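Asks: First the structure, then my questions, so here it is.
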Amino acid sequence: MDQFHDIRPYNDDEVAEVLHNLVETPDFVNTIIGFRFAQWPKFLRGPLVFGVKFALKRQISKITNIHDFQSIVANYMERMIKTTTSNVEYRGIEKLDKKTGYLFLSNHRDIAMDPAFVNYGLYLAGLNTVRIAIGDNLLRRPFVSDLMRLNKSFIVKRSANGIREMMAAFGQLSGYITHSLMQDQCNIWIAQKEGRAKDGLDQTDPAIIKMFYMSQKKEKKPFAEAMANLKIVPVSISYEYDPCAFDKANELHQKSTTGNYEKAEFEDIDSIKNGIVGQKGKVVVTFGDVIKDGFETPEEFVAEVDRQIITHYAIQSTNEAALALQKGESSTDSAFSSYLERCPENLRETVLAMYANPLKQQQKYLNKQS
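Just so we're aligned: 277 in the UniProt record's numbering is position 277 of the sequence shown, and the numbers increase by one with no gaps anywhere.
What follows is the structure in structure tokens.
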């Protein structure tokens, strides 16, 4: 019995049926039309539906497995990089072994692009792409779930109710991650905490580490040994510009002024779209060192993950400009100044903090070490 059937990515033998069902899903087709042909008049909707379905059927006829699907994703990724970034740089990827499965524990800025940039770097380096952890809160539309699982995503059941159901979900997730790494030798990507670090401060949630340990704890393995078995590699992702910065700032501002922020029903889907099409400037993905044994508690392990993510974070010109402006100094980055002019006045301090915080966090950490 497939004990992970409801959370795992799709297998090769499931691809054809899933793709066929997607093309026949009105919500999926209408979403593509809304994304690509939003300015077209409504009376052309009928022909557009026919045309989009015809084009999709031609494209999926060439897809017989997950690798084929991800090759098409890679083509879109190349196009996105050319149109929305000035440069993408990978650091530390040469340390990775092609025959080893790693657990990439990453800081989190963008819902879709964080794992996508990690994946693309591995793809270019000839390494196996990752199985991506994605919260079920992002899968309210069934076609999104299908697309994600075709792209090797597995589901984190954040909506589990009650302690017993939550522990069962965590246990299943822990078992799946351990099985993927130790049995299948597959790479895994997961964020260091639930949700994006909207304020620019990176911090690992100890609950994530405790979840990793659950399946091996049942086998009576010591914590340090269990963590070493998972070959955890901290990853730092740095964007010169965050396409969702103003939206994140609005959420933080509302929470700080009213104590509450109510998300729109499909706000996360809009964030995914904006993250993909928005301008990012330079992007740097830094792979840290495999964390070996010697850490006896989740708290000690968290401290090492945080150390690597914070100190390896690639500081951008926008981080330096934001900190200078916070200090009342003039910024020499004219592009960032123009960017701030497009920001609503009531959000500027929040946006400045968002960009300055990674640099402040790194400086504080390095000063503590020296």
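Note that CB positions come from ideal geometry on N, CA and C, so glycine has one too.
Small disclaimer: the values here were computed from a predicted structure and weren't measured.
#1: Within the same chain, show all residues whose beta-carbon is closer than 7 Å to that of Lys57, passing over the 5 residues directly before and after it, in chain order.
#2: Helix, strand or coil, according to DSSP, for Met1 in the structure here?
#3: Does the count of Cβ pairs from the region 57–68 and the region 8–28 closer than 8 Å reach three?
#4: Give the secondary structure of Ser338 by DSSP, where H, G and I count as helix, E and B as strand, and everything else as coil.
#5: Apart from the five residues on each side of it in sequence, which residues of its chain come closer than 7 Å, Cβ to Cβ, to Leu347?
#6: Please name the residue in Tyr365, Ser370 and Ala16 whose C-alpha comes closest to that of Leu201.
#7: Under the DSSP definition of a beta bridge, which residues are partnered with Ala191?
#8: If you run the structure through DSSP and keep just helix, strand and coil, what is Pro47?
#9: His108 to Ser238, Cα distance in whole Å?
#10: At a Cβ threshold of 9 Å, is Met354 touching chain C?
#11: Does the Cβ-Cβ distance between Gly101 and Ile188 come in under 9 Å?
#12: Between Phe4 and the rest of its own chain, which residues show a CB-CB distance below 6 Å, the 5 nearest in sequence each way excluded?
#13: Among Gln203, Lys193 and Ala197, whose alpha-carbon lies nearest the alpha-carbon of Met211?
#14: If we ignore side chains and look at the alpha-carbon of each, how far apart do Ala207 and Leu127 end up?
#15: Specify whether the region 154–170 and the region 124–139 touch according to this definition: at least 3 beta carbon pairs, one from each stretch, less than 8 Å apart.
#16: What did DSSP end up calling Pro234 once you bin it into helix, strand or coil?
#17: In three-state DSSP terms, what is Ala133?
#18: Measuring CB to CB, does Val233 end up less than 9 Å from Val290?
#19: Would you mind listing the alpha helix (DSSP H) stretches within the region 26–84 that are 4+ residues and don't spill past its ends, in chain order?
#20: Go to Lys282, then tell me how far its beta strand (DSSP E) extends in each direction, as first and last residue.
#21: List the residues that DSSP assigns as beta-bridge partners of Ser180.
#22: In whole angstroms, what is the alpha-carbon distance linking Ile81 and Ile72?
#23: On the DSSP bridge list, what partners appear for Ser153?
#24: Please go through the same chain and pick out, in chain order, the residues whose beta-carbon is closer than 6 Å to the beta-carbon of Thr85, but skip the five residues on each side of it.
#25: Quick check: the Cα distance between Ala125 and Glu349, rounded to an integer number of angstroms?
#26: Pick from Asp6, Ser370 and Ala264: whose alpha carbon is nearest that of Arg149?
#27: Looking only at C-alpha atoms, which of Ile32, Ile33, Gly278 and Lys99 sits nearest to Gln183?
Replies: On the basis of the data shown:
#1: Val23
#2: Only weak support is given to the placement of Met1: the predicted model assigns it a pLDDT of 48, under 50, and the question is left unresolved by the model.
#3: yes
#4: helix
#5: The beta carbon of Leu347 sits closer than 7 Å to those of Phe246, Ala249, Asn250 and His253, all from its chain and outside the five residues before and after it, given in chain order.
#6: Tyr365
#7: Ser106
#8: helix
#9: Cα-Cα distance, rounded: 9 Å.
#10: Annotation note: the requested chain C is absent from the structure, which comprises a single protein chain.
#11: Cβ atoms of Gly101 and Ile188: closer than 9 Å.
#12: The residues Tyr176, in chain order, have a CB closer than 6 Å to that of Phe4 in the same chain once the five nearest residues on each side in sequence are set aside.
#13: Lys193
#14: 29 Å
#15: yes
#16: strand
#17: If DSSP states are grouped into helix, strand and coil, Ala133 belongs with the strands.
#18: yes
#19: 26–36, 45–60 and 66–84
#20: Gly281 to Phe287
#21: DSSP output for Ser180 lists no bridge partner at all.
#22: 14 Å
#23: Ile132
#24: Contacts found: Lys280 and Val283.
#25: 40 Å
#26: Nearest of Asp6, Ser370 and Ala264 to Arg149, Cα basis: Asp6.
#27: Lys99
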